[in-house]
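J.: Structure incoming, see below.
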Amino acid sequence: MEKDEDLLQYTQFVKNNSIQQRKLQGMTWYPIEIKETGYGLGDYPFIIAERTNMRDVPHQFNGGKTVGVFTNHPEYPGEEVNGTVHFAEHNKVKIILYANELPEWLDMGKIGINLLFDENAYKEMDIALKKVINAENGRLAELRDILYGEKQAHFDKIDTRITNGGLNESQLDAVRKIVAAKDVAVIHGPPGTGKTTTLVAALKELIKERKNTPVLLCAPSNTAADLLTEKIAAQGMKVVRIGNLSRIDESILEHTPEGILAKHPEMKRVKTIKKQVDEYRRMASKYKRKFGKDEREQRNLLLKEAKSLAREAIDIENSLVEAIINGADAITCTLVGSMNKFIAAKEFHTVIIDEAAQALEPSTWIPITKARKVILSGDPFQLPPTVKSYQAQSAGLNITLIEKCIQRLPGVSLLTTQYRMHQDIMGFSNQYFYKGGLIAHNSVQYHSLDGIETGFLPVEFIDTAGCSFDEKINPETRSIFNPAEFQILYKHLEGLAQNIASNFSVGVISPYREQVVYMEGQFKNLYAGFPHIQLDINTIDSFQGQERDVIYISLVRSNDKGEIGFLSDYRRMNVAMTRARKKLIIIGDSGTLGSHSFYNQLLEYIEHNGSYRTAWEFQ
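Counting in numbering that gives the first Met the number 0, the sequence shown runs from 0 upward without gaps.
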């Protein structure tokens, strides 16, 4: 259902729009100029292309997207080769092609690029589900039955000798359970409780236990996989980040097989072979399409020799990569990336899945099919996975495997000490989502912004009810924004900045993309007098995993029907509120929000534990 809906949305857009309209939407570049061609790692060809018109139109090409390079030349009707975007700038893009050779029509002109529907993730999910469904007597069948609560998970005796001075008691308890688990362990990590720190500490213990056997660590997104890589490397462990280079942060590239290979002494030999390959290809390219039998044979011989040498270079690289992976302490990748060619055939004693509450259950099963032991880590009360199909969501696709496991399995490790927020910022989420199980560490329990310790109130709600600050709809995007609400936000920030001389960071966030776009435009015009503020503006979804000294939340919704749209997914608000370290300011219309139980309880909490203000104060 989800794949069909995703494909339908893409197909309808393509079918209902001309090439000119797709260019305006940033999904097509045509015509393009080929600036450079070549062959990269694995001998895959690449092109660097630049668009020649509509250069100021925003586009949707970015690293990792699947694209089709096509020609409209009359001699090559319908010719197209697919590839992946390696990097994209404003008007330039590098594409790694899924081909053995560069297409001969590249230098004929009339070339364009289309953004394509990428079904690879759906294919891998489908393969994994079939493996799980059909598993009968093997390890995968055992793990399936344990994860579904039909069989009991087993643990060795907890080893109390495992200590780590940098961990609190709940983190240490989680590490010990991970080590003791024979089948499955589940770590529930609320915001700011050091979930990744705990996983990295557990990884150290697992490596001690099973020397010369790498642990596989996966996450739903490339950003989360990069963060894991960074944390593991910082602890001095050997980590290899597997994945599409175009989707990996530049700071992590040194930990990829490609980055490690670049420094390997054997690569001098490989480079020599590749130079010879390039020379043979260059010689073969001198023979144009209109040539005789002898020239054709000579061209074929040159291309055959180039292909043979290229295969030799690939074989050397593959054997080096195999040694790199086998010598690692940890392999990191995305869930789908666990089927990357470098590790597709490998099994792992332990597979750790971080941010499991953001992953569709079918994608979570992809790395589990390679595991003897599974560790799930995440928080079901933060952002859920994205589901485009309402039918699929109604049928339960939005319920994650870790969510089911927290309900089904005994002995789930809850991390209970948070190191981010003032206790009053934490307070409402703690009551509503975590049953009062969290405590604020004494290093953050009462911290405040410099200069206003006296009478400092960490949580504020500014109520726009009765001010006629009605939400508006952008007729082009059909998305909602609220200009008047932003004006209140800006005046509050201006007052805060004038009262605090020291540097501090501010996140301005909203659940609605259109409000973010509006606020970004406004800040360009207004924001000039606060050089001591580090300011970031983005959606709630984009802020997951981040934190700032001060967080402003613009809720946008204000209407006489009490409609709040996807604000009704309270997990999104949990993420938003728990980004703040020292001060949280929420701006919204209590008249629209108050009829919903969650927001009514939030407003009551702020009345008793914070500052409840009216927008009239800022008029």
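Every residue gets a Cβ at the ideal spot worked out from N, C-alpha and C, and that includes glycine.
The structure presented is a predicted model; accordingly, all values stated were derived computationally and were not measured.
(1) Check whether the segment 192-205 touches the segment 161-179, counting contact only when three or more Cβ pairs, one atom from each stretch, lie closer than 8 Å.
(2) Would you give the residue range spanned by the beta strand (DSSP E) that Q486 belongs to?
(3) Could I get the ranges of all uninterrupted alpha helix (DSSP H) runs contained in the segment 332-416, with 4 residues as the minimum, in chain order?
(4) Can S589 and D469 be called in contact, C-beta distance under 8 Å?
(5) Would DSSP call R571 helix, strand or coil?
(6) Quick check: the Cα distance between I424 and A344, rounded to an integer number of angstroms?
(7) Between the beta-carbon of E358 and the beta-carbon of P384, is there less than 8 Å?
(8) Look at the Cβ atom of L96, then the Cβ atom of V84, and state whether they are nearer than 8 Å.
(9) Determine the closest residue to L205 out of H348, G164, V269, D314, with distance taken between C-alpha atoms.
(10) Looking at the strands, I want to know which residues DSSP matches up with V641.
(11) Do N71 and K22 have their C-beta atoms within less than 8 Å of each other?
(12) Nearest to G500 by CA position, among E402, F529, F485, is which residue?
(13) Can you find the residues in the same chain that come closer than 8 Å, C-beta to C-beta, to E304, ignoring five residues on each side of it along the sequence?
(14) Taking all protein chains shown into account, decide if E74 is buried (16 or more other Cβ within 10 angstroms of its Cβ) or exposed.
(15) Which residues mark the beginning and the end of the alpha helix (DSSP H) in which T10 is found?
(16) Since S307 is in the alpha helix (DSSP H), which residue starts that stretch and which ends it?
(17) Please report the distance separating the alpha-carbon of L105 from that of G82.
(18) Checking the sheet assignment: what are the DSSP bridge partners for Y611?
(19) Taking buried to mean at least 16 other C-beta atoms within 10 Å of its own C-beta, is G77 buried or exposed?
(20) Can you check the segment 220-250 for any beta strand (DSSP E) of at least 3 residues that lies completely inside it and give the ranges in chain order?
(21) Pop quiz: A87 and G62 are said to be a contact at Cβ under 8 Å. What is the actual Cβ separation, rounded to whole angstroms?
(22) If we count the other Cβ atoms within 10 Å of its Cβ and call it buried at 16 or more, is T10 buried or exposed?
(23) Using a Cβ-Cβ cut-off of 6 Å (strictly less than) and excluding sequence neighbours within five positions of E391, which residues of its own chain qualify?
(24) Between V555 and Y511, is the Cβ-Cβ spacing less than 8 Å?
(25) How about I539 and I508: are their beta carbons less than 8 Å apart?
(26) Between L495, G436, V350, which has its C-alpha nearest D182's C-alpha?
(27) Measure the alpha-carbon distance for G111 versus D117 and round it to whole angstroms.
T.: A quick look at the data gives this:
(1) yes
(2) Unbroken run through Q486 is the alpha helix (DSSP H), 482-498; no beta strand (DSSP E).
(3) 360-367, 389-393, 400-407
(4) no
(5) helix
(6) 47 Å
(7) Contrary to the premise, residue 358 reads as Ala rather than Glu in this sequence. Result yes, Cβ atoms of A358 and P384 sit closer than 8 Å.
(8) no
(9) H348
(10) As displayed, the chain neither begins before 0 nor continues past 618, which places residue 641 out of reach and without an answer.
(11) The answer is no: Cβ separation not under 8 Å.
(12) A small fix is needed here, since residue 500 is Ala in this sequence, not Gly. It is F529 whose Cα lies nearest to the Cα of A500.
(13) Y279
(14) exposed
(15) 1-14
(16) 292-325
(17) 14 Å
(18) F460
(19) exposed
(20) 238-240
(21) Right, the Cβ-Cβ distance comes to about 7 Å (below 8 Å), so this counts as a contact.
(22) Residue environment: T10 is assigned as exposed (fewer than 16 neighbouring CB atoms within 10 Å of its CB, all protein chains considered).
(23) Note that residue 391 corresponds to Ala in the displayed sequence, not to Glu. Cβ within range, chain order: M0, E1.
(24) yes
(25) Yes, the pair counts as a contact, with Cβ atoms nearer than the cut-off.
(26) For the residues L495, G436, V350, the minimum Cα distance to D182 belongs to V350.
(27) Rounded to the nearest angstrom, the two C-alpha atoms are 18 Å apart.
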